[in-house]
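Report on one structure; see the data block that follows.
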DNA sequence: GTGGGCCCGTAC
DNA sequence: GACGTACGGGCCCACG
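Residue numbers (this note's numbering): 196 to 1117.
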């Protein structure tokens, strides 16, 4: 379907002017607002709409001024620095091939409204691009709202409801009630978004609210009655007209070819280097992006924008169905080997009979060297009537020289899995050069999914064949080895083909962002084989000991359960928060002091602690909970996870697991093994070194706090680290004005809570809760802290501002975290995004550093593989298993490499422990 | 039966 | 509403 984008030029210009710093070009001409608008336009055009209009206000009075003399009366004249940017803006819009509309007697809003509805009637998809919430009144099927500067999108009644708490058809009444100070339209005094939404929910529309006014209670009722006479006028003023007589219809607004020469001159004049670079030296600039990814090599073939691309901004050829070959004969295999030999880089993928890479058996291999073509080589399909396949060994032997050659570049999607499978079938993959999952992750870690199906949809507009479609799901699922070869081939060859196509698109996007490409190339890709080795190494556990612990825990749980039954007067399920809530708060009448996010009375630890003085039961529940958690999550589970082939536990590390760049771990998660309580530490004791070996745990001391010192450059905090071992004590001494040795335990505890809390963007409220002090005192602590470490406060504010202006924050190494909610209307979401903006540079930089250290250490370990192995990573800690006689050498080398993984303004200290088990090694 | 939301709790 | 990033277990309800 063709698309029309209506751009609210005036609104963007004003918003960019106020949101961005007062930039200027070399000649001193102001460019800040222009820069924002140009970025917005470039983003809009990347979506390749067929029709576009840039609508601005015409000078002079409009019909609204006739209706209401005071309309916009208190609006200051346009600042000179902004006025100076209007003409350049129009020049750039023209050069981009976009029509500019300016209609006298009405506002830009009315022109947009009229065109939007006309276009929707005409069967076009309409996108209104604006920063103005008033347009929400136009949202309906076929008409969506986007704010390209913030990335927000309002595309349905549900989305309007979500943002404003009213339906799209109630927006006019909603605005009429609230009024608009900027336009000098007074609404009902003290009636903001909340009240307006509440009334409309109750009385449906403005007429309903007006009818209910006489009986409305309180001050707000008086205010409403006072405002009654002007509400109909308000409604008229905020209603966007959709019946303006226009010279052009929607279909007259076709996007024209852009004038590259003019654009280049304009971009150069105003210093827009990124935009200029995108134009490049290519004759047809609009296709510059495409040229890099084009299958047809059409560098000069400027495809008209709005071509029938199935997804926004993609090359149609990249979304077409491919042609796939099933390799069943030696001749076919040989032909493919030759094809791979001639390729600069090829994509490969394995099919197996299980998800667990450490157990799965190879069923087939797929390959691709050019987009749209692919092969599947089945080697393990086994079902009645299955065709004869090439012997697995013959296939592996034929491919081995290619897969093991470090000089021959390979590409995959989540290739770590395939590396495991192939290793377990006798092939050591080398030269694994690119991974589309990691490309996607580095480009935008906030996108939660980086699986191939999602990427294909997102970047190619291509709908892949799903695993479930060929193998079924749930109880009806069959192993891939029993899937018919023809079906399997269509599915599997597509995987390799799509991986290749995705790489064309993603690598081009990375190339446009050098700092991200560096993160991808220098941190993430080198880490892949390292993680594969750590996972393959696995860790030895004492399963018998864990089973003993399970029995012990069970006995204690039973005792707690009996006690609980006695105290409650009847049996109930202690594992059920719902039943527990009924017992505590309904039957026993204890106060429900804490609520869950959904408003239910909470039974979490904090809530139970709060009522533990009043009744015995809460303590018993807490005891039970602690035991149950340890048993179900750890002592019962871990023995089940021992791999029968290796006798060890092999976790999976997810490289695209956490948006900040941290790894995550699952199946089992070995990054949350207990450490704080005695019972918990017993579990760590079951992570053991085999006879003759020892475990060594090396962790970065206070790495995130050190990074905060580095990034903020705060002299006081830097000094605290230089002073020595205990930074919390040093902080307490500084904040409370004591000598180091005079710091009391309470002062140290407070300093520690502040240090940690700050890194998470915690408020005085949170600190008060944490320390059990009142809010005023917590506020005093924070103020005192910031007075001693002012650069820390500046750093945090800088991160908030950067997040708001750029939409993302960065780590020391250039990794980016986009904050999608940084401009959310919902205050809670927005505040959360601000906290994440503060935390991400520290957490993410720590992640970058330990990843670099892992690659470095792994490089050294390659020559000592029989004496020492890396076996675990827990965010700031690396765990090794080594021959007892080798431990000292290992310790010196690992500590040196970990410390050298970054060069900060404070020392990067590593603490090491050694023992027979993981607990002892701490 | 299964999938998913919710609540809770473990780690850094 | 109020502290960032994860994973996972049990409950419980909707759904097929």
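In this text, a Cβ means the ideal position worked out from N, Cα and C, and glycines have one as well. The model shown is predicted, which means the values in this text are computed figures rather than measured ones.
Counted as a single uninterrupted DSSP element, the stretch harbouring residue 977 is not any beta strand (DSSP E) but the alpha helix (DSSP H) occupying residues 970 to 983. The DSSP-derived three-state label of residue 673 is coil. If you ignore the 5 residues before and after residue 251, its C-beta comes within less than 7 Å of the C-beta of 204, 205, 295, 297 and 303, all in its own chain and listed in chain order.
Residue 820 sits buried, since 16 or more C-beta atoms from the chains shown fall within 10 Å of its C-beta. Judged by DSSP in its simplified three-state form, residue 891 adopts strand.
Fully enclosed alpha helix (DSSP H) runs of no fewer than 4 residues occupy 873 to 880 and 898 to 907 of the segment 838 to 908, in order along the chain.
Exclusion of the five residues before and after residue 885 leaves 735 as the residues of its chain whose Cβ lies within less than 7 Å of its Cβ. Residue 632 sits in a helix when the DSSP states are folded into three classes.
The criterion of a C-beta distance shorter than 8 Å is satisfied by residue 888 and residue 1078. Counting C-beta atoms within 10 angstroms of its own C-beta, residue 1045 has 16 or more neighbours from the protein chains shown and is therefore classed as buried. Here the segment 328 to 335 makes contact with the segment 431 to 443; the two share three or more CB pairs at distances below 8 Å.
Residue range 812 to 824 is occupied by the alpha helix (DSSP H) that includes residue 819. In this structure, the straight-line span from the alpha carbon of residue 668 to that of residue 650 is close to 22 Å. Contact annotation, residue 641 with residue 1015: C-beta distance approximately 6 Å; criterion of less than 8 Å satisfied.
A distance below 6 Å between beta-carbons, with the five flanking residues on each side excluded, links residue 740 to the following residues of its chain, in chain order: 881. Comparing alpha carbon positions, the residue from 450, 675, 744 and 846 closest to residue 201 is 450.
Between residue 457 and residue 222, the C-beta gap is not smaller than 8 Å, which leaves the two residues out of contact.
In this model, residue 723 and residue 1107 are separated by some 25 Å (Cα to Cα). According to the DSSP assignment, residue 1092 belongs to the alpha helix (DSSP H) that extends over 1082 to 1094. With a minimum length of 3 residues, the unbroken runs of beta strand (DSSP E) contained wholly in the segment 992 to 1021 fall at 1003 to 1005 and 1011 to 1013.
Residue pairing of residue 248 in beta bridges, as defined by DSSP: 201 and 294.
Residue environment for residue 524: exposed (fewer than 16 other C-beta atoms within 10 angstroms of its C-beta).
Contact between residue 860 and residue 987 does not hold, since the beta-carbon distance rounds to 31 Å and is not under 8 Å.
For residue 314, the CB contacts under 7 Å within the same chain, skipping 5 residues up- and downstream, are 199, 321 and 445 in chain order. With contacts defined as CB atoms closer than 8 Å, residue 561 and residue 727 fail to qualify as a contacting pair. Residue state for residue 347 is assigned as strand, using DSSP reduced to three classes. For residue 239, the enclosing alpha helix (DSSP H) starts and ends at 227 to 241.
Residue environment for residue 578: exposed (fewer than 16 other C-beta atoms within 10 angstroms of its C-beta). Its Cα nearest to that of residue 275, the residue 224 stands out among 245, 224 and 772.
Remark: C-beta atoms of residue 401 and residue 368 approach each other more closely than 8 Å.
Between residue 1009 and residue 710, the C-beta gap is smaller than 8 Å, which places the two residues in contact. Within the same chain, 788 come within 6 Å of residue 805 by CB-CB distance, once the 5 residues on both sides are set aside. Here the C-alpha atom of residue 671 lies approximately 15 Å from the C-alpha atom of residue 549.
Around residue 349, the same chain offers 331, 334, 339, 340, 341, 355 and 358 as residues with beta carbons nearer than 8 Å, after the five sequence neighbours per side are excluded. Counting along the chain, residue 1065 sits inside no alpha helix (DSSP H); it lies in the beta strand (DSSP E) bounded by residues 1063 to 1068. Using a 10 angstroms sphere on the CB of residue 353, the tally of other CB atoms stays under 16, which defines it as exposed.
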